[in-house]
Amino acid sequence: MVAVYNKELLSWYLITLKLRETVESGLPRTSNSANSVDSHGKPALQQLQEQKQIQSESHHIAIEDENQKLEEDPESPESEWVITIKEKLDQAHQDEVESSWAKLCIYKVPHYLRDGDDKAVVPQIVSLGPYHHGKRRLRQMERHKWRSLYHILERTKHDIKLYLDSMKELEERARSCYEGPISFSSNEFVEMMMLDGCFMLELFRGAAEGFKQLGYPRNDPIFAMRGSMHSIQRDMIMLENQLPLFVLDRLLGLQLGDHYQKGLVAELALRFFDPLTPNDEPLTKSSLNKLESSLGSATTFDPLGDHDGLHCLDVFRRSLLRSGPKLAPKVWIKRWSNANRVADKRRQQLIHCVKELKEAGVRFQKKKTDRFWDINFKNGILQIPRLLIHDGTRSLFLNLIAFEQCHLDCSNDITSYVVFMDNLIDSHEDVAYLHYCGIIEHWLGSDEEVAELFNRLCQEVVYDINDSYLSQLSEDVNRYYNHRWNAWRATLKHNYFGNPWAIISLVAAVVLLLLTFTQTFYGVYGYYRSPN
């Protein structure tokens, strides 16, 4: 064994050994010398370098061959990826050609409006349409739907094929009303439209004529005016739980024959959903008599005027806003707000809250009208119609707002009203004062729940206030609020005219001040006018 004391010499020694092992492993063992030559007379080291060069060239050729195979071989992973992308593009082109966005009117509620509470937008008892069809918790109502169809066939003596063929004619048109592709087969979709539509019409007619007249027993679990009917009404007014109105028109037309008139389904729907109205003014007795007589006569009912309703939620919304607010913004607002601007969350503060407006001298007064949205402001008095709030109000307003947010040809009148009330109500004190004025009547547990209801409704709602029918009124209120004299006058009235004793004290102080001033004046006057 050789002892090496120089590190540099040791390194050269190890390199030499490594080179020798490499050369010997790549060549036939014809010689043990590092300077041995092959059969062609080349040194072993030179032959090793040539072999490495040949291996490198072979490796590059193999890579090029592999790339060419990937391009030519359809089974390669990269080729499959490109094919998948092309298939997705073809599907997108097919969706663009087949979809009719102009007919879309029944939407899924956007996630930003759900606020983690699906009970307000997702049906809990009955499903209508394809969005929630077949869910386990809603299957119990299916047997009652078949019962309603059985009663209709028994009452009209019609063949079921008449209804199936009629729905088959409307299938393509009905499918185009829903958002996204519907995975139901043709037979499943037609059966669903027929069954759900007949169920809705039986409820509508039962609420107007009486379920007993339609052949249902007095103690029927569904077709009777009992507590569960309110929950069914809440489910049936939801945006995701709608059927196209023309489907209901066709089904009722088949049942009534010559007695059917346009607009009757809309009027029946309004009668059925009347308990959900945000005010406590029910339908008048004359309206009910006209509705009942229309079921057996040729009287034409059309609560929508010249407009055709899209579905029951649209009919209900139009009835709330009938002869309602018609926004006529200035030309420059139309040009800039509607065309070149987007909705801005920062520009939704219309007015101050009730407490701040009170301090500025604004007075609140209940307005006697059944139009809950009809708000006026004049001479410092803000007149607001009475609003009835119950456990279904949040669901109703949320679905109306969702429809206005999704449907292009829909105004934002309900959204404007809700945002306006949200600006007014910041705390339970604001709710309590509006209740004191007779403006808000609620059946909830506390005033805090009412304040939270409005604050949660408008938490993620975004819209342009220049398109609001309350924008001009808000400007007038803010102008009044910013006038200092109004605030001073309100403070004076609150502090010194709040009760009779304060008024007496103020009058006494004023009289005392006047007497003191008079005494001082005559004292000074007599001094300067004295002969001495």
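Counting along the sequence shown from 1, when you hit position 443 you're at 443 in full-length UniProt numbering, and nothing is skipped either side.
In this text, a Cβ means the ideal position worked out from N, Cα and C, and glycines have one as well.
Check                                                                                                                    : Outcome
Simplified DSSP state of Y216, which is helix, strand or coil                                                            : coil
The beta strand (DSSP E) enclosing H442, as first and last residue numbers                                               : 440-442
Between the CA atoms of V190 and K168 - distance to the nearest angstrom                                                 : 6 Å
Nearest-angstrom Cα separation, counted from V507 out to P500                                                            : 11 Å
Counted within 10 angstroms of its Cβ, other Cβ atoms place W332 as buried (16 or more) or exposed                       : Bear in mind that a pLDDT of 34 at W332, under 50, signals an unreliable position, so the number given afterwards is only what the model happens to contain. Result: exposed.
Own chain, CB closer than 6 Å to R175, minus 5 neighbours either side, in chain order                                    : I182
Three-pair Cβ contact test at 8 Å for the region 424-442 versus the region 77-89                                         : no
Cα-Cα separation, L512 to Q519                                                                                           : 11 Å
Collapsed DSSP secondary structure at K358 in the structure displayed                                                    : helix
Cut-off 8 Å between Cβ atoms - residues of its own chain near L473, not counting five sequence neighbours on either side : I375, N376, F377
Span separating the alpha-carbon of R136 from that of V109                                                               : 21 Å
Beta-carbon separation (whole angstroms), K366 vs I384, contact threshold 8 Å                                            : 7 Å
Option in G253, C177, H259 with minimal Cα separation from L239                                                          : C177
With 16 other Cβ atoms within 10 Å as the buried cut-off, status of D314                                                 : buried
C-beta contact flag for E209 and S148 at 8 Å                                                                             : no
Straight-line gap, L164 to D235 (C-alpha atoms, nearest Å)                                                               : 25 Å
Nearest residue (CA-CA) to M229, options K103, P275, W373                                                                : P275
Cβ-based burial, V510 [other Cβ within 10 Å; buried from 16]                                                             : exposed
For Q365: DSSP bridge partner residues                                                                                   : Q383
Within 8 Å, strictly: CB atoms of R250 and S186                                                                          : no
Three CB pairs or more closer than 8 Å across the region 447-462 and the region 428-439                                  : yes
Simplified DSSP state of N241, which is helix, strand or coil                                                            : helix
Rounded straight-line distance, which links the Cα of Y481 to that of C437                                               : 20 Å
Cβ-based neighbour list, S416, same chain, cut-off 7 Å, excluding 5 preceding and 5 following                            : S468, Y469, L470
C-alpha distance - T516 paired with V524, whole-angstrom precision                                                       : 12 Å
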